[in-house]
Each structure stands twice: as structure tokens, then as C-alpha cells.
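Q: Position in the sequence shown counted from 1, then plus 82, gives you the working numbering.
One structure is given below, represented as C-alpha cells, and several questions about it will come after.
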Amino acid sequence: MDKEKKDTKKQREGKDMPVTANSVQADTFADFLTRNKLLIRHLAEANTKRNQDGKTIISKNDPWREEHEWDKANKE
């Protein structure tokens with residue numbers, strides 16, 4: 083095959099090929115956060131408990147209260 087026919091075949095194959103993860107530039111996590119900032123904030127606010135003063139609180143029966151790893155990390 084001469085060069086012109088070869089180039090045309092490559093161009094045609096490229097148009098017919100399905101889009102794969104390797105051929106598309108992946109967004110960064112920062113891009114995802116920027117695009118979805120309002121939705122993420124809405125979901126976080128809906129899942130946040132507050133006291134009468136508007137301060138964020140953790141309920142007494144929340145299993146997260148029993149995670150003492152953070153206490154150890156903050157002491158160091």
C-alpha cells in the first residue's frame with residue numbers, strides 16, 4: 083500500500099472505533115468537585131445535624147463517636 087491509502091485507512095479505522103477509557107482524557111477529582119460543587123454541598127448539608135445554635139453535632143448513638151483513632155492522631 084502506498085502512504086496515501088495507508089493514512090486514509092487509519093483515519094477511517096479511528097472514526098469507527100468505540101471510545102474507550104484509554105482514548106478519553108479522564109477528569110481529575112478537582113474537576114469533578116468543581117462541576118458538582120452545589121450538589122455535593124446540598125447532600126452534605128442534608129446529612130448534617132445541627133444544634134439550636136446552628137453548630138454541627140454528632141448524635142450520641144453515632145458509631146463514629148467510638149472511633150478513637152482520631153483522638154490518638156490529634157494527640158501526636
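Beta carbons: idealized from backbone N, C-alpha and C, even for Gly.
Within the continuous alpha helix (DSSP H) that includes residue 153, where are the two ends?
A: What you label residue 153 is simply residue 71 of the sequence shown in a count that begins at 1. Taken as a continuous stretch (DSSP letters only), the alpha helix (DSSP H) holding residue 153 covers 151-157.
Q: Quick check on DSSP: helix, strand or coil for residue 138?
A: Taking the sequence shown and counting its residues from 1, the one referred to as residue 138 is at position 56. DSSP places residue 138 in strand when its eight states are reduced to three.
Q: Whole-angstrom Cβ separation of residue 141 and residue 157, contact assumed at under 8 Å?
A: If you number the sequence shown from 1, residue 141 lands on position 59. If you number the sequence shown from 1, residue 157 lands on position 75. In fact, because the Cβ distance is near 24 Å, the residues do not count as touching under 8 Å.
Q: Which same chain residues end up closer than 8 Å to residue 138 when comparing Cβ atoms and leaving out the 5 residues on each side of it in sequence?
A: As a working note, residue 138 is residue 56 in the sequence shown. Once the five neighbours on either side are set aside, the close Cβ partners of residue 138 are 130, 131 and 132.
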